[in-house]
Amino acid sequence: MAIENLSSEEWFRELYVDARYTHVFWHNNKIIKVLLIPANIEVLKKDEKKAQEFIELVKDCSTNK
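Mapping to my numbering: the sequence shown position 8 is 771, numbers consecutive.
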């Protein structure tokens, strides 16, 4: 549900379809915890700084498998 909701955001779509990061969304506990809280989704959609922090977290998690 969270992924579907965030898919309306261009920055998220670009991140999600990138093969380097797709696996992280489904298998990294840090990312899953963020996405499971509806309030986090709203913050990511409204706050560009928080969105950038989330992007960095995803990228960091993908390099630290």
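Think of the CB as a built atom: it goes at the ideal place given N, C-alpha and C, for glycine as much as any other residue.
From the DSSP output, in three-state form, read off residue i for me.
i, result
"I800", "coil"
"N792", "helix"
"D781", "coil"
"D810", "coil"
"N827", "coil"
"E773", "helix"
What does a CB cutoff of less than 7 Å around residue i pick up in its chain, not counting 5 residues either side in sequence?
i, result
"L778", "Y784, I818 and V821"
Less than 8 Å between the CB atoms is what I'm expecting for residue i and residue j, so what's the real figure, rounded?
i, j, result
"N803", "C824", "About 15 Å; that fails the 8 Å criterion."
"K813", "L769", "Going by Cβ atoms, the distance from K813 to L769 rounds to 12 Å, so no, they are not a contact pair."
"L798", "I766", "7 Å"
Can you list, in chain order, the residues of its chain with a C-beta nearer than 8 Å to that of residue i? Leave out the 5 residues immediately preceding and following it.
i, result
"K793", "L820 and C824"
"H786", "S825"
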